[in-house]
Each structure stands twice: as C-alpha cells, then as structure tokens.
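What follows is a set of notes on a single structure, which appears directly below.
Residue numbers (the numbering used here): 1346 to 1522.
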C-alpha cells in the first residue's frame, strides 16, 4: 500500500552526502567511468543493432572459446531466456557458432567466428585505450594495485571465475591447460 501522508510526497531539497555514511564520491566515479567506458563500444554496437548484452557474450565467447551455454549463464548471471534472444542474433548474424559438446551432446559449446572475433576486438580496442590512458594520466604505476582493487569489488564467492578465467584466458583455447 502506498503511503499517502502529507510527508510522503514532500520533496527533499538536500543532496545525499557523506553524512549519510556512504562514500558517494567513489560511487559517482564508478557511474561516470562506466558510462564512458561503455560509450565507445555502444556506438559500434548500435551500427549492428546490438546492445551491451551482445558485447558481454562476444567478450566471453572470444576470451573462452568452447565456453558452454551453462558456463556463460553462470558468468553473466542471467537467465536462459535473457541469453536466448541475444545468442540467437549473434548466431544468425554469423558472429558466434554453437556446436554440440563432444562428451555430452546436450551441452552446447560457443565459439566466435572470424566476424565475431573482429567485432570483439573492435569493441575492446577503445576500452583498452581508455584504460591505458587512465593508468598513465592517474600516475598509477602499479597496474597490479588496480587489478587487486577491481577484483576485490567482485563478490568473494564469484572471484573463482576470475581465477579460472585468467588461466583459460592466457591465450589457450578453452579446455587446454
């Protein structure tokens, strides 16, 4: 039930601040950094009629060729229904191929095509340039510190995906160790 008391609809004219016990400066920096980090790829994706979900799928399929649909769902933390439309578009436009798993025919493995690899690289290049420039401009000489900070932002129970991903993302294809 909606509160209809006089105070419920009264505007608050003061901004939230550190007195509320929250570090809004860092939160806002994340909002603005994310906005700009995604802006270049968003423009490229728009030319294809794609969005950020397509970008995430392309990124992980290209970083971990042979990734199963189930693994991708786990990494992205989305439902099958959410993934289905995006994956269908990427398959229909020849950016991704889906193959039966060699051991379990019910598993579907995802691989980039040459077209999908080219698009993933085109999306990553401006982001890589932005990161490199930010590290240089900020004087962040220790990249490892930035990596540790960002990893610490990931839920502890999900950090294994980063560790597993790092091993798989070392340039070897999925399944090779």
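The beta carbon of each residue, even a glycine, is placed where N, CA and C say it ideally should be.
Residue 1373 sits in a helix when the DSSP states are folded into three classes. Nearest Cα to residue 1448 within the set 1438, 1411 and 1467: 1411.
At the C-beta level, residue 1466 and residue 1389 stay beyond 8 Å of one another. Under the 10 Å beta carbon count, residue 1395 is surrounded by 16 or more other beta carbons and is classified as buried.
In the DSSP assignment, residue 1457 falls outside any alpha helix (DSSP H) and lies within the beta strand (DSSP E) extending over 1453 to 1457. Residue 1480 and residue 1488 do touch by the CB rule: their CB atoms are close to 6 Å apart, below 8 Å. Counting only runs of 4 or more residues that sit fully inside the segment 1401 to 1427, the alpha helix (DSSP H) segments are 1414 to 1421, in chain order.
Cβ contact annotation for residue 1401 (same chain, cutoff 7 Å, sequence separation greater than five): 1421, in chain order.
Between the segment 1412 to 1432 and the segment 1448 to 1462 there are three or more C-beta pairs closer than 8 Å, enough to call the two in contact. For residue 1499, there is no enclosing alpha helix (DSSP H), since its DSSP letter is neither H nor E. Ranked by how close their Cα comes to the Cα of residue 1437, the residues 1426, 1404, 1470 and 1393 have 1393 in first place. Taking 8 Å as the cut-off, the beta carbon of residue 1407 is found closer than this to the beta carbon of residue 1462. For residue 1473 and residue 1382, the gap between their C-alpha atoms comes out near 9 Å. Going by DSSP, residue 1363 is part of no beta strand (DSSP E) at all; its letter is neither H nor E. In this structure, the beta-carbon distance from residue 1417 to residue 1435 does not fall below 8 Å. Cα atoms of residue 1367 and residue 1452: separation of roughly 44 Å, rounded to the nearest angstrom.
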